[in-house]
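What follows is one structure encoded as C-alpha coordinates, with my remarks underneath.
In this note's numbering, the protein residues as written are 856 to 1280.
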(Lines of atoms letter the chains of each structure in order from A and count residues from 1; the text may use other names and numbers.)
(Lines give C-alpha, C1' and ligand atoms only; values in the text may rest on other atoms or scores of the structure.)
Protein backbone atom coordinates (compact mmCIF):
# COMPACT_ATOMS: atom_id res chain seq x y z
CA UNK A 1 0.00 0.00 0.00
CA UNK A 2 1.41 3.40 -0.92
CA UNK A 3 2.05 5.89 1.90
CA UNK A 4 -0.61 8.58 2.28
CA UNK A 5 -0.61 12.05 3.77
CA UNK A 6 -3.85 11.04 5.46
CA UNK A 7 -1.85 8.97 7.92
CA UNK A 8 -0.72 12.23 9.46
CA UNK A 9 -3.42 14.78 8.62
CA UNK A 10 -7.23 14.80 8.88
CA UNK A 11 -8.81 13.82 5.54
CA UNK A 12 -10.64 16.51 3.62
CA UNK A 13 -13.37 14.07 2.72
CA UNK A 14 -13.95 11.33 5.23
CA UNK A 15 -16.20 8.36 5.64
CA UNK A 16 -17.39 7.32 9.05
CA UNK A 17 -14.50 6.11 11.16
CA UNK A 18 -15.34 3.71 13.94
CA UNK A 19 -13.32 3.57 17.11
CA UNK A 20 -12.92 0.47 19.25
CA UNK A 21 -13.90 0.93 22.88
CA UNK A 22 -13.52 -1.37 25.90
CA UNK A 23 -16.55 -3.57 26.40
CA UNK A 24 -18.70 -2.99 29.49
CA UNK A 25 -16.18 -0.64 31.02
CA UNK A 26 -17.91 1.58 33.62
CA UNK A 27 -15.75 4.65 33.03
CA UNK A 28 -13.08 6.01 30.74
CA UNK A 29 -9.67 7.34 31.72
CA UNK A 30 -9.42 11.11 31.65
CA UNK A 31 -7.89 12.46 28.50
CA UNK A 32 -8.07 9.30 26.40
CA UNK A 33 -10.32 8.70 23.42
CA UNK A 34 -9.81 5.87 20.97
CA UNK A 35 -9.75 6.85 17.30
CA UNK A 36 -9.41 5.06 14.01
CA UNK A 37 -7.07 6.38 11.33
CA UNK A 38 -8.64 8.12 8.35
CA UNK A 39 -7.84 7.19 4.74
CA UNK A 40 -9.01 9.20 1.70
CA UNK A 41 -11.81 7.93 -0.50
CA UNK A 42 -14.77 5.73 0.29
CA UNK A 43 -14.98 1.98 0.26
CA UNK A 44 -18.10 0.05 -0.61
CA UNK A 45 -18.00 -2.21 2.40
CA UNK A 46 -16.61 -1.92 5.89
CA UNK A 47 -13.16 -3.21 6.68
CA UNK A 48 -12.09 -4.50 10.05
CA UNK A 49 -12.58 -5.44 12.76
CA UNK A 50 -8.83 -5.11 13.43
CA UNK A 51 -8.05 -2.48 16.09
CA UNK A 52 -7.15 0.89 14.69
CA UNK A 53 -8.35 0.18 11.13
CA UNK A 54 -11.07 2.39 9.62
CA UNK A 55 -14.57 1.15 9.09
CA UNK A 56 -16.17 2.96 6.16
CA UNK A 57 -19.93 2.82 6.28
CA UNK A 58 -20.83 5.81 4.13
CA UNK A 59 -19.31 8.70 2.24
CA UNK A 60 -20.42 11.92 3.91
CA UNK A 61 -18.44 15.01 2.80
CA UNK A 62 -17.22 15.89 6.28
CA UNK A 63 -13.87 16.17 8.03
CA UNK A 64 -13.01 13.39 10.45
CA UNK A 65 -12.89 15.08 13.84
CA UNK A 66 -11.57 11.94 15.53
CA UNK A 67 -8.62 11.91 13.12
CA UNK A 68 -7.81 15.52 14.02
CA UNK A 69 -8.06 14.69 17.72
CA UNK A 70 -5.62 11.83 17.22
CA UNK A 71 -3.23 14.32 15.62
CA UNK A 72 -3.32 16.89 18.41
CA UNK A 73 -3.14 14.18 21.09
CA UNK A 74 0.15 13.03 19.61
CA UNK A 75 -1.22 9.62 18.66
CA UNK A 76 -0.25 10.18 15.03
CA UNK A 77 3.47 9.66 14.49
CA UNK A 78 5.92 10.66 11.83
CA UNK A 79 7.58 13.77 10.50
CA UNK A 80 4.48 15.18 8.80
CA UNK A 81 2.37 14.75 11.93
CA UNK A 82 5.11 16.40 13.99
CA UNK A 83 5.33 19.30 11.55
CA UNK A 84 1.54 19.70 11.62
CA UNK A 85 1.56 19.88 15.41
CA UNK A 86 4.34 22.45 15.23
CA UNK A 87 2.27 24.63 12.90
CA UNK A 88 -0.74 24.30 15.16
CA UNK A 89 1.38 25.29 18.18
CA UNK A 90 2.58 28.36 16.31
CA UNK A 91 -0.98 29.27 15.40
CA UNK A 92 -2.03 29.01 19.06
CA UNK A 93 0.22 31.98 19.95
CA UNK A 94 -1.66 34.65 17.94
CA UNK A 95 -4.94 33.06 19.02
CA UNK A 96 -3.92 33.43 22.66
CA UNK A 97 -2.95 37.04 21.99
CA UNK A 98 -6.29 37.79 20.32
CA UNK A 99 -8.19 36.22 23.24
CA UNK A 100 -6.19 38.28 25.74
CA UNK A 101 -6.74 41.53 23.81
CA UNK A 102 -10.47 40.92 23.57
CA UNK A 103 -10.72 40.16 27.28
CA UNK A 104 -8.77 43.33 28.09
CA UNK A 105 -11.04 45.39 25.83
CA UNK A 106 -14.11 44.26 27.78
CA UNK A 107 -12.36 44.77 31.14
CA UNK A 108 -11.34 48.35 30.20
CA UNK A 109 -14.72 49.22 28.75
CA UNK A 110 -13.45 49.57 25.19
CA UNK A 111 -15.95 46.89 24.25
CA UNK A 112 -19.32 46.96 25.97
CA UNK A 113 -21.82 44.22 26.67
CA UNK A 114 -25.38 45.11 25.65
CA UNK A 115 -28.02 44.50 28.28
CA UNK A 116 -31.28 42.89 27.22
CA UNK A 117 -34.76 43.84 28.44
CA UNK A 118 -35.09 40.46 30.19
CA UNK A 119 -32.87 38.35 32.47
CA UNK A 120 -30.24 36.28 30.63
CA UNK A 121 -28.67 33.03 31.84
CA UNK A 122 -25.65 31.93 29.81
CA UNK A 123 -24.65 28.26 29.59
CA UNK A 124 -21.20 27.73 28.10
CA UNK A 125 -17.83 26.08 28.44
CA UNK A 126 -14.09 26.62 28.01
CA UNK A 127 -13.35 23.89 25.49
CA UNK A 128 -14.40 23.20 21.93
CA UNK A 129 -16.53 20.10 21.87
CA UNK A 130 -19.27 18.52 23.93
CA UNK A 131 -19.45 19.11 27.68
CA UNK A 132 -23.13 18.35 28.22
CA UNK A 133 -24.55 21.85 27.66
CA UNK A 134 -27.73 20.79 25.88
CA UNK A 135 -29.07 18.53 28.68
CA UNK A 136 -28.37 21.32 31.19
CA UNK A 137 -30.17 23.89 29.00
CA UNK A 138 -33.17 21.55 28.86
CA UNK A 139 -33.09 21.06 32.64
CA UNK A 140 -32.87 24.82 33.26
CA UNK A 141 -35.66 25.55 30.76
CA UNK A 142 -37.96 23.08 32.53
CA UNK A 143 -37.07 24.44 35.95
CA UNK A 144 -37.69 28.05 34.91
CA UNK A 145 -40.92 27.08 33.13
CA UNK A 146 -42.16 25.40 36.29
CA UNK A 147 -41.46 28.68 38.13
CA UNK A 148 -43.88 30.43 35.82
CA UNK A 149 -41.31 31.95 33.44
CA UNK A 150 -41.75 32.16 29.68
CA UNK A 151 -38.40 30.87 28.51
CA UNK A 152 -36.52 31.63 25.30
CA UNK A 153 -33.33 29.92 24.13
CA UNK A 154 -30.88 32.09 22.19
CA UNK A 155 -28.32 30.23 20.09
CA UNK A 156 -26.02 30.61 17.13
CA UNK A 157 -27.39 27.37 15.68
CA UNK A 158 -24.01 25.99 14.62
CA UNK A 159 -24.39 23.11 12.19
CA UNK A 160 -27.71 24.30 10.74
CA UNK A 161 -27.96 24.49 6.97
CA UNK A 162 -28.75 28.24 7.03
CA UNK A 163 -28.52 31.08 9.54
CA UNK A 164 -31.68 31.31 11.60
CA UNK A 165 -32.63 27.65 11.17
CA UNK A 166 -32.61 25.14 14.01
CA UNK A 167 -29.71 22.73 14.27
CA UNK A 168 -29.94 19.27 15.85
CA UNK A 169 -29.43 20.52 19.42
CA UNK A 170 -32.08 23.24 19.13
CA UNK A 171 -34.55 20.80 17.60
CA UNK A 172 -33.88 18.48 20.53
CA UNK A 173 -34.53 21.34 22.98
CA UNK A 174 -37.73 22.29 21.17
CA UNK A 175 -38.98 18.68 21.35
CA UNK A 176 -38.06 18.30 25.03
CA UNK A 177 -39.59 21.62 26.13
CA UNK A 178 -42.26 22.60 23.56
CA UNK A 179 -43.19 25.76 25.48
CA UNK A 180 -39.75 27.28 24.90
CA UNK A 181 -39.25 29.99 22.27
CA UNK A 182 -36.18 29.19 20.15
CA UNK A 183 -34.37 32.14 18.56
CA UNK A 184 -31.47 31.10 16.33
CA UNK A 185 -29.04 33.48 14.66
CA UNK A 186 -25.61 35.07 14.88
CA UNK A 187 -26.81 38.28 16.56
CA UNK A 188 -27.78 37.20 20.07
CA UNK A 189 -28.49 40.82 21.12
CA UNK A 190 -31.13 41.09 18.39
CA UNK A 191 -32.31 37.61 19.35
CA UNK A 192 -32.89 38.68 22.95
CA UNK A 193 -34.92 41.68 21.75
CA UNK A 194 -36.98 39.42 19.49
CA UNK A 195 -37.58 36.97 22.34
CA UNK A 196 -38.76 39.78 24.62
CA UNK A 197 -41.10 41.06 21.91
CA UNK A 198 -42.61 37.56 21.68
CA UNK A 199 -43.37 37.56 25.40
CA UNK A 200 -40.36 35.79 26.90
CA UNK A 201 -39.54 36.69 30.50
CA UNK A 202 -36.11 35.01 30.70
CA UNK A 203 -33.56 33.92 28.09
CA UNK A 204 -31.10 31.03 28.13
CA UNK A 205 -28.02 31.88 26.08
CA UNK A 206 -26.73 28.59 24.69
CA UNK A 207 -22.93 28.28 24.32
CA UNK A 208 -22.60 31.86 25.47
CA UNK A 209 -19.50 32.09 27.69
CA UNK A 210 -17.36 33.59 24.91
CA UNK A 211 -20.24 35.64 23.44
CA UNK A 212 -19.66 38.62 25.73
CA UNK A 213 -21.50 41.14 23.54
CA UNK A 214 -24.76 40.17 25.29
CA UNK A 215 -24.70 40.90 29.02
CA UNK A 216 -25.90 38.14 31.29
CA UNK A 217 -27.28 37.96 34.82
CA UNK A 218 -25.92 34.47 35.43
CA UNK A 219 -22.91 32.95 33.70
CA UNK A 220 -22.90 29.15 34.02
CA UNK A 221 -19.81 27.29 32.78
CA UNK A 222 -19.52 23.53 32.36
CA UNK A 223 -16.23 21.70 32.85
CA UNK A 224 -16.34 18.09 31.60
CA UNK A 225 -15.07 15.89 34.42
CA UNK A 226 -13.80 13.32 31.89
CA UNK A 227 -11.84 15.86 29.79
CA UNK A 228 -11.70 19.11 31.80
CA UNK A 229 -9.00 21.09 30.04
CA UNK A 230 -8.99 19.57 26.56
CA UNK A 231 -5.95 17.84 25.08
CA UNK A 232 -3.15 18.48 25.37
CA UNK A 233 -4.33 19.83 28.74
CA UNK A 234 -4.58 23.62 29.11
CA UNK A 235 -3.52 24.36 25.52
CA UNK A 236 -5.50 26.85 23.43
CA UNK A 237 -6.90 26.34 19.96
CA UNK A 238 -5.87 25.21 17.43
CA UNK A 239 -3.11 23.11 19.05
CA UNK A 240 -5.41 22.24 21.94
CA UNK A 241 -9.13 22.55 22.57
CA UNK A 242 -9.33 25.50 24.97
CA UNK A 243 -11.20 28.57 23.71
CA UNK A 244 -9.85 30.64 26.62
CA UNK A 245 -7.29 30.10 29.38
CA UNK A 246 -8.64 28.38 32.53
CA UNK A 247 -8.34 31.69 34.44
CA UNK A 248 -11.38 32.88 32.44
CA UNK A 249 -13.49 30.84 34.89
CA UNK A 250 -13.21 33.83 37.24
CA UNK A 251 -15.97 35.47 35.19
CA UNK A 252 -18.40 32.62 35.89
CA UNK A 253 -21.34 32.88 38.28
CA UNK A 254 -21.19 29.12 38.80
CA UNK A 255 -19.08 26.23 37.53
CA UNK A 256 -20.72 22.86 36.84
CA UNK A 257 -18.56 19.73 36.77
CA UNK A 258 -20.45 17.73 34.15
CA UNK A 259 -20.58 13.93 33.74
CA UNK A 260 -19.55 13.53 37.37
CA UNK A 261 -20.88 9.96 37.33
CA UNK A 262 -18.06 8.90 34.98
CA UNK A 263 -15.17 9.66 37.35
CA UNK A 264 -14.34 8.62 40.89
CA UNK A 265 -14.66 10.72 44.06
CA UNK A 266 -10.91 11.35 44.33
CA UNK A 267 -10.77 12.56 40.72
CA UNK A 268 -13.70 14.91 41.35
CA UNK A 269 -11.98 16.35 44.42
CA UNK A 270 -8.78 16.88 42.42
CA UNK A 271 -10.73 18.61 39.65
CA UNK A 272 -12.42 20.90 42.19
CA UNK A 273 -8.96 21.86 43.45
CA UNK A 274 -7.84 22.57 39.87
CA UNK A 275 -10.86 24.81 39.30
CA UNK A 276 -10.16 26.71 42.53
CA UNK A 277 -6.52 27.10 41.47
CA UNK A 278 -7.66 29.19 38.48
CA UNK A 279 -8.81 31.89 40.93
CA UNK A 280 -12.49 31.00 40.67
CA UNK A 281 -14.19 31.47 44.04
CA UNK A 282 -17.90 30.96 43.24
CA UNK A 283 -20.26 28.00 43.67
CA UNK A 284 -19.18 24.58 42.42
CA UNK A 285 -21.96 22.27 41.29
CA UNK A 286 -22.03 18.83 39.63
CA UNK A 287 -24.22 17.35 36.94
CA UNK A 288 -24.83 13.64 36.59
CA UNK A 289 -26.21 12.15 33.39
CA UNK A 290 -29.17 9.85 33.99
CA UNK A 291 -30.53 7.66 31.17
CA UNK A 292 -34.32 7.98 31.26
CA UNK A 293 -35.74 6.21 28.22
CA UNK A 294 -34.93 4.13 25.16
CA UNK A 295 -36.99 5.10 22.10
CA UNK A 296 -37.63 2.62 19.30
CA UNK A 297 -36.89 4.46 16.04
CA UNK A 298 -37.25 1.51 13.63
CA UNK A 299 -37.20 -2.26 13.69
CA UNK A 300 -38.13 -5.51 11.95
CA UNK A 301 -41.79 -6.03 11.01
CA UNK A 302 -43.76 -7.84 13.69
CA UNK A 303 -40.95 -7.75 16.21
CA UNK A 304 -42.07 -6.98 19.78
CA UNK A 305 -41.06 -3.62 21.23
CA UNK A 306 -37.87 -3.96 23.27
CA UNK A 307 -39.36 -1.69 25.95
CA UNK A 308 -38.41 1.79 27.06
CA UNK A 309 -36.40 1.14 30.21
CA UNK A 310 -32.68 1.88 29.65
CA UNK A 311 -31.78 -1.10 31.85
CA UNK A 312 -33.07 -3.39 29.10
CA UNK A 313 -29.81 -2.70 27.25
CA UNK A 314 -27.91 -4.68 29.91
CA UNK A 315 -26.19 -7.65 28.35
CA UNK A 316 -27.27 -6.66 24.82
CA UNK A 317 -24.72 -6.49 22.00
CA UNK A 318 -25.09 -3.11 20.27
CA UNK A 319 -23.47 -0.94 17.66
CA UNK A 320 -23.14 2.56 19.14
CA UNK A 321 -23.18 5.51 16.71
CA UNK A 322 -23.11 9.23 17.44
CA UNK A 323 -22.25 12.62 15.98
CA UNK A 324 -21.56 14.54 19.18
CA UNK A 325 -18.64 16.40 20.72
CA UNK A 326 -17.64 13.68 23.20
CA UNK A 327 -18.45 10.20 21.82
CA UNK A 328 -16.48 8.46 24.57
CA UNK A 329 -18.93 9.79 27.16
CA UNK A 330 -21.83 8.26 25.21
CA UNK A 331 -20.00 4.93 25.10
CA UNK A 332 -19.30 5.12 28.84
CA UNK A 333 -22.98 5.76 29.58
CA UNK A 334 -23.97 2.71 27.54
CA UNK A 335 -21.32 0.64 29.28
CA UNK A 336 -22.63 1.71 32.69
CA UNK A 337 -26.03 0.37 31.61
CA UNK A 338 -24.35 -2.97 30.90
CA UNK A 339 -24.58 -2.83 27.11
CA UNK A 340 -21.93 -4.81 25.23
CA UNK A 341 -20.58 -2.31 22.71
CA UNK A 342 -19.40 -4.15 19.62
CA UNK A 343 -18.20 -0.95 17.97
CA UNK A 344 -18.39 2.80 18.54
CA UNK A 345 -18.92 4.75 15.31
CA UNK A 346 -17.82 8.32 16.06
CA UNK A 347 -18.87 10.98 13.58
CA UNK A 348 -18.10 14.71 13.70
CA UNK A 349 -20.30 16.85 15.92
CA UNK A 350 -23.56 17.97 14.21
CA UNK A 351 -23.06 15.33 11.50
CA UNK A 352 -25.68 15.54 8.73
CA UNK A 353 -26.82 11.94 8.23
CA UNK A 354 -27.61 10.58 4.78
CA UNK A 355 -29.34 7.46 3.48
CA UNK A 356 -25.88 6.09 2.69
CA UNK A 357 -24.95 6.44 6.36
CA UNK A 358 -28.03 4.48 7.41
CA UNK A 359 -27.33 1.73 4.89
CA UNK A 360 -23.71 1.55 5.95
CA UNK A 361 -24.48 1.39 9.67
CA UNK A 362 -27.03 -1.37 9.11
CA UNK A 363 -24.52 -3.28 7.00
CA UNK A 364 -21.89 -2.84 9.70
CA UNK A 365 -24.33 -4.09 12.36
CA UNK A 366 -25.05 -7.20 10.31
CA UNK A 367 -21.35 -7.87 9.68
CA UNK A 368 -20.65 -7.61 13.40
CA UNK A 369 -23.66 -9.86 14.12
CA UNK A 370 -25.46 -7.33 16.29
CA UNK A 371 -29.13 -6.57 15.78
CA UNK A 372 -29.28 -3.17 17.46
CA UNK A 373 -27.90 0.26 16.64
CA UNK A 374 -28.05 2.71 19.54
CA UNK A 375 -27.74 6.46 18.94
CA UNK A 376 -28.16 9.60 21.05
CA UNK A 377 -31.37 11.60 21.14
CA UNK A 378 -29.50 14.36 19.30
CA UNK A 379 -28.70 11.95 16.44
CA UNK A 380 -32.26 10.64 16.41
CA UNK A 381 -33.56 14.09 15.42
CA UNK A 382 -31.80 13.74 12.05
CA UNK A 383 -32.12 9.98 11.60
CA UNK A 384 -35.90 9.60 11.95
CA UNK A 385 -36.76 10.77 8.41
CA UNK A 386 -34.12 8.43 6.94
CA UNK A 387 -35.07 5.19 8.66
CA UNK A 388 -37.16 2.69 6.73
CA UNK A 389 -40.19 1.07 8.35
CA UNK A 390 -39.76 -1.81 8.85
CA UNK A 391 -36.00 -2.12 9.18
CA UNK A 392 -33.82 -5.22 9.27
CA UNK A 393 -31.95 -3.70 12.22
CA UNK A 394 -33.48 -2.36 15.43
CA UNK A 395 -32.67 1.34 15.84
CA UNK A 396 -32.81 2.74 19.37
CA UNK A 397 -32.26 6.25 20.75
CA UNK A 398 -31.03 6.70 24.30
CA UNK A 399 -32.60 9.69 26.03
CA UNK A 400 -30.90 11.23 29.05
CA UNK A 401 -31.48 13.97 31.60
CA UNK A 402 -29.11 15.62 34.05
CA UNK A 403 -29.43 15.90 37.80
CA UNK A 404 -27.78 18.95 39.38
CA UNK A 405 -26.29 18.85 42.85
CA UNK A 406 -26.51 20.54 45.21
CA UNK A 407 -30.01 21.44 44.03
CA UNK A 408 -30.46 24.12 46.67
CA UNK A 409 -27.46 26.02 45.31
CA UNK A 410 -28.98 26.05 41.82
CA UNK A 411 -32.30 27.29 43.23
CA UNK A 412 -30.51 30.10 45.06
CA UNK A 413 -28.73 31.13 41.86
CA UNK A 414 -31.93 31.21 39.81
CA UNK A 415 -33.67 33.22 42.54
CA UNK A 416 -31.24 36.06 41.82
CA UNK A 417 -32.94 36.67 38.48
CA UNK A 418 -35.84 38.48 40.16
CA UNK A 419 -33.98 40.21 42.99
CA UNK A 420 -33.12 43.44 41.15
CA UNK A 421 -34.90 45.77 38.77
CA UNK A 422 -33.51 45.66 35.26
CA UNK A 423 -31.96 48.48 33.28
CA UNK A 424 -31.46 48.47 29.52
CA UNK A 425 -28.26 49.83 27.91
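Glycine included, C-beta positions come from ideal geometry on N, C-alpha and C.
As the structure is a computational prediction, the values presented were derived from the model and not from experiment.
{"query": "Within 7 Å, strictly: CB atoms of residue 1055 and residue 971", "result": "no"}
{"query": "Residue 1284 - DSSP class collapsed to helix/strand/coil", "result": "The question about residue 1284 has no answer, for the chain in this structure spans 856 to 1280."}
{"query": "Three-way DSSP call (helix, strand, coil) for residue 1150 in this model", "result": "strand"}
{"query": "Neighbour-count burial assignment, residue 934, 16 or more Cβ in a 10 Å radius", "result": "exposed"}
{"query": "Which of helix, strand or coil DSSP assigns to residue 1257", "result": "strand"}
{"query": "Length of the line joining the Cα atoms of residue 1241 and residue 1154", "result": "13 Å"}
{"query": "Cβ neighbours of residue 1270 in the same chain (closer than 6 Å, five flanking residues each side left out)", "result": "none"}
{"query": "Runs of beta strand (DSSP E) wholly within the segment 1129-1179 (minimum 3 residues, chain order)", "result": "1139-1153, 1172-1177"}
{"query": "Under 7 Å between C-beta atoms of residue 847 and residue 1009", "result": "Summary: the structure shown does not reach residue 847, with the chain confined to residues 856 through 1280, and so no result is reported for it."}
{"query": "Separation of residue 1020 from residue 1313, as counted between CA atoms", "result": "The question about residue 1313 has no answer here: the residues shown for the chain are numbered 856 through 1280."}
{"query": "Euclidean distance between Cα positions of residue 1179 and residue 1233", "result": "8 Å"}
{"query": "Buried or exposed by the 16-neighbour rule on C-beta atoms within 10 Å, applied to residue 1203", "result": "buried"}
{"query": "Beta-carbon proximity check, residue 1272 vs residue 1072, cutoff 7 Å", "result": "yes"}
{"query": "Among 1050, 1013, 1012, nearest to residue 1004 - alpha-carbon criterion", "result": "1050"}
{"query": "C-beta atoms of residue 988 and residue 978 nearer than 7 Å", "result": "yes"}
{"query": "Neighbourhood of residue 1244 by C-beta, 7 Å cutoff - its chain only, sequence neighbours within 5 removed", "result": "1153"}
{"query": "Beta-carbon proximity list for residue 1213, same chain, < 6 Å, skipping 5 on both sides", "result": "1241"}
{"query": "Residues bridged to residue 927 [DSSP beta-bridge criterion]", "result": "For residue 927, which the question treats as bridged, DSSP gives no partner whatsoever."}
{"query": "Bridge partners - residue 977, DSSP secondary structure assignment", "result": "1060, 1074"}
{"query": "Strand pairing of residue 1036, partner residues [DSSP]", "result": "1007"}
{"query": "Own chain, CB closer than 7 Å to residue 1115, minus 5 neighbours either side, in chain order", "result": "1080, 1123, 1141, 1142, 1143"}
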